[in-house]
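Engineer:
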Amino acid sequence: MKIIKDKCKGCNLCVKSCPSHGIVVVDKIASFTDNCTYCGICISSCPFDAIIKIEKERLDLSAYKGIYVFAEKGQFDLQAVSIELLSIAKDLSKDLECEVTSIVFNPSENDINQLKTYGSDKIIAIFADLDKDNLLQQAIILSDLVKNNMPEIFLIGATADGRSLAPRVAAKLNTGLTADCTELSIFDGILVQTRPAYGGNLMAQIVCPNTRPQMATVRPGVFRAIKYEQPCEVINLNYEVDKNTGIKVLDRSFVKNEAELENSEVIIGAGRGVNSKESLDLLFELADALGGTVAASRPLVDANWLEYDRQIGQTGKTVSPRLYIACGISGAIQHMAGVGGAETIVAINSDPDAPIFNFADYAIVGEVSEILPEILSQIKKDN
Amino acid sequence: MKIVVCIKAVPASTEVRLNPETNTLIRSGIENIINPFDNYALDLALRIKEKHGAHITVISMGIPDAKDIIHHVYSLGADKAILLTDRLLAGADTLATSYSLASAIKTLEYDLILCGKQSTDGDTAQVGPEMAEILDIPHLTYISKIKMTEDPQYIISHRRTTEKTQFIYTRLPAVLTVVKGDTLPQLPTLKSYLNTLNNEVEILTTKNLELDDERIGLSGSPTQVVKVFTPKVHKDKTIIEGTASEKASQLIKLLNLGGLQK
Chain A
59 MKIIKDKCKG CNLCVKSCPS HGIVVVDKIA SFTDNCTYCG ICISSCPFDA
109 IIKIEKERLD LSAYKGIYVF AEKGQFDLQA VSIELLSIAK DLSKDLECEV
159 TSIVFNPSEN DINQLKTYGS DKIIAIFADL DKDNLLQQAI ILSDLVKNNM
209 PEIFLIGATA DGRSLAPRVA AKLNTGLTAD CTELSIFDGI LVQTRPAYGG
259 NLMAQIVCPN TRPQMATVRP GVFRAIKYEQ PCEVINLNYE VDKNTGIKVL
309 DRSFVKNEAE LENSEVIIGA GRGVNSKESL DLLFELADAL GGTVAASRPL
359 VDANWLEYDR QIGQTGKTVS PRLYIACGIS GAIQHMAGVG GAETIVAINS
409 DPDAPIFNFA DYAIVGEVSE ILPEILSQIK KDN
Chain B
3 MKIVVCIKAV PASTEVRLNP ETNTLIRSGI ENIINPFDNY ALDLALRIKE
53 KHGAHITVIS MGIPDAKDII HHVYSLGADK AILLTDRLLA GADTLATSYS
103 LASAIKTLEY DLILCGKQST DGDTAQVGPE MAEILDIPHL TYISKIKMTE
153 DPQYIISHRR TTEKTQFIYT RLPAVLTVVK GDTLPQLPTL KSYLNTLNNE
203 VEILTTKNLE LDDERIGLSG SPTQVVKVFT PKVHKDKTII EGTASEKASQ
253 LIKLLNLGGL QK
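Here the protein sequences line up with chains A and B, keeping their order.
This note's numbering puts the first sequence at residues 59 to 441.
This note's numbering puts the second sequence at residues 3 to 264.
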């Protein structure tokens, strides 16, 4: 980064914008300090365009073609996010005029059919004697495949396993990886990756201009799966497995996922303001009446009022329901990071200054224990 | 056992917001803290030390200002604290950071490398796995506790994600990224704070390490941030007023909740 001294007026706006004390104004001219992390925030803060980023020359990367999508197996079927990825990959492929290829390990017939239905132009089915849940073995095979086939983009679902696998593959390929993207688009032939940072307080757009593939993990629930009718070629490949990765899963159990938050259209969120078990029961009653389910912010899970699989937020699940009714939730950013995808947010809170009201479409100031019984009795009366 | 814990100084995250009109960061009260998830990693190391004995080295890559925050780990029981800081490392993305940290860790002795699950500013969760690949050792993510085995070369790691729990036989050395365990991290005592006041944070720069210039700092980073902006916030919220009964009936009408009923 560079400061163009003729343009700098010493206005101090850049100094104010900097999160890390990385720029100072001395004698009415800005200059960088050792604390600068090149984050670039100051560039957009300067009204005089006096700060510029010196771009590297772009390499010719036209040998890389196509979009690869990793189809991760879940407990029973493929992960929902893997199917969602196909629809965004399909959109990107129109701009790039290229194919969308799904990669899947040891698929069932059902897996193949799903990948065909949701927009794969090609499916690479890898048959390999993988150990149970061994992500390191998968990373070796995936990076070999990508090295040989040279796709320009490689997308992986931001599941727990996806977020463990993707960086291992990226490091093997010595390429860039952007985590937890919520938006992807093509600009000038390059993948522009938008992702939340600072717990959802800021959004960042990130590119990977000079290495391939451009890798991203994508959050579940951000894109909708779409069916396509089109031809699809299936390629079967056999791979040797590295049996010396140093890890072996001895035992595995799936967390019982009664709440199924990821698939709920209506979620009733319980926060600290739900201060009695009776009030909590009201939430379940409302969820039941609306065909939804109950989720919680962290304090209620920490207090063992609700199970961990109902926790929403930075340390829990990310959801995107059509309707989120936040009951007694303060709206800490750590919690809101998990409900950013909600279409409509209703907030019920007795504190009129609660941050939740900044995120709400509909705001009700009041006690959960007073409002919910009214809603319940009125819906019941209507029917 | 020799344990290396990687920590990062992050802004106390909830304070970070952009002013939507001027697009500048609102930095009122931004102070840096140890990334909360890294506290879990350090706590796991401290518990291993307590139970089985261990030498704990804490390492951080960051700006010179991070020194004071890093120093705090002495009062918690760390044996050595290192800050890797150099102008040439600035602007590093996760891969360049992983390479730089891994290069520094290579100069240390280690059986176990612990990181927090992710940082609260970047939230990427990538540095742990990428470091492991560069060091050519196994990695596991979302580990809540570990158990020793009879073979000193192996531990059993307990992995806990939102989807599943696993017990994983793990060869050392390995990188584990750590989530909250059953206990909350301990706080320093006044005594330990006073006793460690004079401990020095060792400063490492690129001069102390063998580094490939093309893999460090901004120019060695494959990814680049092109734009930072504030996410859309709901501005046109509808405030529903009246008695509890009126509020309820308005909400039902506005959202057609009656129609949502099963």
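We treat Cβ as the ideally placed atom computed from N, Cα and C, and that holds for glycine.
Below 7 Å CB to CB, which residues in the same chain sit around ASN197 (chain B) once its five sequence neighbours on both sides are set aside?
Structural biologist: Once the five neighbours on either side are set aside, ASN197 (chain B) has no close Cβ partner at all.
Engineer: Going by other Cβ atoms of all chains shown within 10 Å of its Cβ, with 16 needed for buried, is LYS148 (chain A) buried or exposed?
Structural biologist: Buried, because 16 or more other Cβ atoms sit within 10 Å of the Cβ of LYS148 (chain A).
Engineer: Indicate the three-state DSSP secondary structure (helix, strand or coil) for PRO175 (chain B) in the structure shown.
Structural biologist: coil
Engineer: Spell out the partners DSSP gives GLN392 (chain A) in its beta bridges.
Structural biologist: None; GLN392 (chain A) has no bridge partner.
Engineer: Hey, how far is the Cα of ALA134 (chain B) from the Cα of VAL177 (chain B)?
Structural biologist: 6 Å
Engineer: If we define contact as Cβ-Cβ less than 8 Å, is PRO131 (chain B) a contact residue for chain A?
Structural biologist: yes
Engineer: Between the region 323-340 of chain A and the region 295-314 of chain A, do three or more beta carbon pairs fall short of 8 Å?
Structural biologist: no
Engineer: With a 10 Å radius around its C-beta and 16 neighbouring C-beta atoms as the bar for buried, classify THR59 (chain B) as buried or exposed.
Structural biologist: buried
Engineer: Scan the region 261-292 of chain A for residues whose Cβ lies nearer than 8 Å to a Cβ of chain B and list them as they occur along the chain.
Structural biologist: MET261, ALA262, GLN263, ILE264, VAL265, CYS266, PRO267, ASN268 and THR269
Engineer: Between the beta-carbon of THR175 (chain A) and the beta-carbon of GLY124 (chain A), is there less than 8 Å?
Structural biologist: no
Engineer: Judging by CA-CA distance, which residue of A:LYS86, A:PRO209 and A:GLN263 is the nearest neighbour of GLU155 (chain A)?
Structural biologist: Per the Cα distances, A:PRO209.
Engineer: Does the beta carbon of ASP440 (chain A) sit closer than 8 Å to a beta carbon anywhere in chain B?
Structural biologist: yes
Engineer: Can you give me the Cβ contacts of THR217 (chain A) inside the same chain, cut-off strictly under 7 Å, excluding the 5 residues immediately before and after it?
Structural biologist: GLU130, GLN137, VAL139 and PRO278
Engineer: Does the region 99-109 of chain B come close enough to the region 241-255 of chain A to have 3 or more Cβ pairs within less than 8 Å?
Structural biologist: no
Engineer: Do LYS166 (chain B) and ILE157 (chain B) have their C-beta atoms closer together than 8 Å?
Structural biologist: no
Engineer: Spatial neighbours of GLY93 (chain B) within its chain, please: C-beta separation below 6 Å, excluding the five flanking residues on both sides.
Structural biologist: Within the same chain, Cβ atoms closer than 6 Å to the Cβ of GLY93 (chain B) are found at GLY219 and LEU220, the five residues on either side in sequence being excluded.
Engineer: How is the alpha helix (DSSP H) around ARG221 (chain A) delimited, first residue to last?
Structural biologist: 218-231
Engineer: Rounded to the nearest angstrom, how far is the Cβ of ALA274 (chain A) from that of THR236 (chain A), given a contact under 8 Å?
Structural biologist: 5 Å
Engineer: Taking C-beta pairs closer than 8 Å, name the residues in chain B that GLU428 (chain A) reaches, listed in chain order.
Structural biologist: ALA246
Engineer: Closest Cβ-Cβ distance between VAL307 (chain A) and chain B: below 8 Å?
Structural biologist: yes
Engineer: Is ILE370 (chain A) closer than 8 Å to VAL352 (chain A) when the C-beta atoms are compared?
Structural biologist: no
Engineer: In chain B, which residues lie with their C-beta within 9 Å of the C-beta of THR385 (chain A)?
Structural biologist: Thr is not the amino acid found at residue 385 (chain A); the sequence shown has Cys there. The contacting residues do not exist; CYS385 (chain A) stays about 12 Å from chain B at best.
Engineer: DSSP three-state call for LEU381 (chain A): helix, strand or coil?
Structural biologist: strand
Engineer: Going by Cα to Cα distance, which pick from A:ALA229, A:TYR366 and A:PHE417 is closest to ILE465 (chain A)?
Structural biologist: For residue 465 (chain A) there is no data in the structure shown, the boundaries of chain A being 59 and 441.
Engineer: Could one say the Cβ of SER301 (chain A) lies closer than 8 Å to chain B's Cβ atoms, at least one of them?
Structural biologist: Looking at the sequence provided, one finds Lys at residue 301 (chain A) rather than Ser. Cβ-Cβ to chain B under 8 Å: no for LYS301 (chain A).
Engineer: Take ILE445 (chain A) and list the residues in its own chain whose beta-carbon comes closer than 7 Å to its own, dropping the five residues that flank it on each side.
Structural biologist: No information on residue 445 (chain A) is available, as it lies outside the stretch 59 to 441 that chain A covers here.
Engineer: Is the shortest distance between the beta-carbon of TYR420 (chain A) and the beta-carbons of chain B less than 8 Å?
Structural biologist: yes
Engineer: Just verifying my parser: in three-state terms, what is the DSSP assignment at ALA310 (chain A)?
Structural biologist: The residue you asked about is not Ala; residue 310 (chain A) is Arg in the sequence shown. In the structure shown, ARG310 (chain A) sits in a strand (DSSP, three-state: E or B).
Engineer: Taking only beta-carbon atoms, is LEU86 (chain B) less than 8 Å away from chain A?
Structural biologist: No - not a single Cβ of chain A is within 8 Å of the one on LEU86 (chain B).
Engineer: Put CYS104 (chain A) into one of helix, strand or coil per three-state DSSP.
Structural biologist: Three-state result, CYS104 (chain A): coil.
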